[in-house]
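In my numbering, the protein residues as written are 9 to 306.
What follows is a single structure, written as structure tokens, with notes after it.
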Ligand code: GRG
């Protein structure tokens, strides 16, 4: 990516990020029925300093298909709510037991374990309420609910997490690792793109191109995540690094070594960008985002 493209993308993503953050804040205005401690826990985790990668993917995918990104904002928020719930639950003592997230105390460290579980539950439920209540037309809202619930469910996000926990200190190989990553991390990334495509209502061909881009991007994202855990700086990454090896996790650098893992991530990003050809210049944002994922340091 030439430097002007990178600068343009940073500017664009900063603008979109502000739009997303305002919409997210509005999504969790529950009013008097919601206990204050629960409200604060949700705000801490949903509005904290994350990258907002998944909402950006939803919005960029809608734009790549020639539609206005404002149409896709409810879906963009819903995906980020599912993501925030998964991070809250992943950090719990029963799972990854992490007290640091995004450079701040994780939800249970700040608000207690019970409230963290409930905050995650409430965000997951709200995600679907937002899609059903705010996405038009109704047929698209139904398709988006189906897409997101599958990605969040027992065969994808939750199933991948279960297999990831079971694989600790196991002698699994690359196929097992790719299957875990495709479901634990890749499914929500791929679904973000598909939601953007579904909302634009342009048919199967663009949806297929977005799916291919999402599959490649999701795997590359996870390889980079493994590399950041292996050799990233804790302050920059914003969570404890070096944990995967200590927990006996299956990782790409563990199975392939660092150089080969980096080579694979770059190859996947190139393949992801090739899949964008049918969109022409409408997909410049998605291409810039893919390059950013390969180069990210947090
Ligand atoms: C508890 C059902 C359940 C699932 C947990 C999210 C997850 C599955 C595990 C998190 C552990 C982990 C390191 C996953 C790999 C990639 C990942 C999801 C990283 C976090 O996403 P980012 O980098 O986070 O987009 P930010 O903070 O930027 O939003």
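We put the CB at the ideal spot given by N, CA and C, even for glycine.
**Message:** If you measure between the beta carbons of residue 92 and residue 80, is that distance less than 9 Å?
**Reply:** no
**Prompt:** Do residue 256 and the ligand GRG come close, with the Cβ less than 8 Å from some heavy atom?
**Reply:** no
**Message:** Does residue 284 come out as helix, strand or coil in the three-state DSSP assignment?
**Reply:** coil
**Prompt:** Does the separation of the CB atoms of residue 64 and residue 90 fall below 9 Å?
**Reply:** no
**Prompt:** What is the rounded straight-line gap between the Cα of residue 75 and the Cα of residue 102?
**Reply:** Roughly 42 Å separates the two Cα atoms.
**Request:** State the Cα-Cα distance for the pair residue 274 and residue 299, rounded to the nearest angstrom.
**Result:** 9 Å
**Item:** At least three beta-carbon pairs within less than 8 Å, the stretch 199–212 to the stretch 250–259
**Value:** Counting C-beta pairs closer than 8 Å gives fewer than three between the stretch 199–212 and the stretch 250–259, which falls short of the contact rule.
**Asked** Assuming residue 114 and residue 106 make a contact with CB atoms under 8 Å, what is their CB distance in whole Å?
**Response** The C-beta distance from residue 114 to residue 106 rounds to 5 Å, short enough to meet the 8 Å contact threshold.
**Request:** Kindly provide the ranges of any alpha helix (DSSP H) runs that are 4 or more residues long and lie completely inside the stretch 28–115, ordered along the chain.
**Result:** 44–54, 61–72, 81–99
**Asked** Where does residue 189 sit, in a helix, a strand or coil, going by DSSP?
**Response** In the three-state reduction of the DSSP assignment, residue 189 falls in the helix class.
**Request:** Could you tell me which of 157, 129, 159, 190 sits nearest to residue 172, measuring between CA atoms?
**Result:** 190
**Prompt:** Is the stretch 260–276 touching the stretch 224–236, taking contact as three or more C-beta pairs under 8 Å?
**Reply:** yes
**Asked** Can you round the beta-carbon distance between residue 287 and residue 72 to whole angstroms, since I take them to be within the 8 Å contact cut?
**Response** 4 Å
**Prompt:** Applying the criterion that 16 or more other CB atoms from any shown protein chain within 10 Å of the CB defines a buried residue, is residue 57 buried or exposed?
**Reply:** exposed
**Prompt:** Quick one: is the Cβ of residue 129 within less than 8 Å of any heavy atom of the ligand GRG?
**Reply:** no
**Message:** Please tell me whether, using a cut-off of 8 Å, the distance from the CB of residue 274 to the nearest non-hydrogen atom of the ligand GRG is below it.
**Reply:** no
**Message:** Just verifying my parser: in three-state terms, what is the DSSP assignment at residue 224?
**Reply:** helix
**Request:** Could you check if residue 36 is buried or exposed, using at least 16 other CB atoms within 10 Å of its CB as the buried criterion?
**Result:** Under this definition residue 36 is a buried residue.
**Item:** Contact test: residue 17 Cβ vs the ligand GRG heavy atom, cutoff 8 Å
**Value:** no
**Request:** Write down the C-beta distance between residue 196 and residue 165 rounded to the nearest angstrom, noting that I regard them as a contact closer than 8 Å.
**Result:** 6 Å
**Nearest to residue 170 (by Cα), restricted to the options 59, 290, 257** = Taking only the C-alpha atoms, the option nearest residue 170 is 257.
**Prompt:** Is it right to say residue 141 is buried, meaning 16 or more other beta carbons lie within 10 angstroms of its own, or is it exposed?
**Reply:** Answer is exposed; the Cβ neighbour count stays below 16.
**Item:** residue 144, enclosing alpha helix (DSSP H) - first and last residue
**Value:** Where residue 144 is concerned, there is no enclosing alpha helix (DSSP H), given that its DSSP letter is neither H nor E.
**residue 175 (DSSP reduced to helix, strand or coil)** = coil
**Asked** Leaving out the 5 sequence neighbours to the left and right, which residues in its chain are closer than 6 Å to residue 116 when beta-carbon positions are compared?
**Response** For residue 116, where only same-chain residues beyond five positions count, the Cβ hits under 6 Å are 100, 124.
**Request:** Determine the DSSP secondary structure at residue 181, reduced to helix, strand or coil.
**Result:** coil
**Message:** For a test of your reading of the model: does the CB of residue 166 fall under 8 Å from any non-hydrogen atom of the ligand GRG? Yes or no.
**Reply:** Yes; taking the cut-off as 8 Å, the Cβ of residue 166 has a heavy atom of the ligand GRG nearer than that.
**Message:** Shorter than 8 Å, the distance from the beta carbon of residue 158 to the closest heavy atom of the ligand NAD, or not?
**Reply:** The ligand NAD is not part of this structure, which contains only the ligand GRG.
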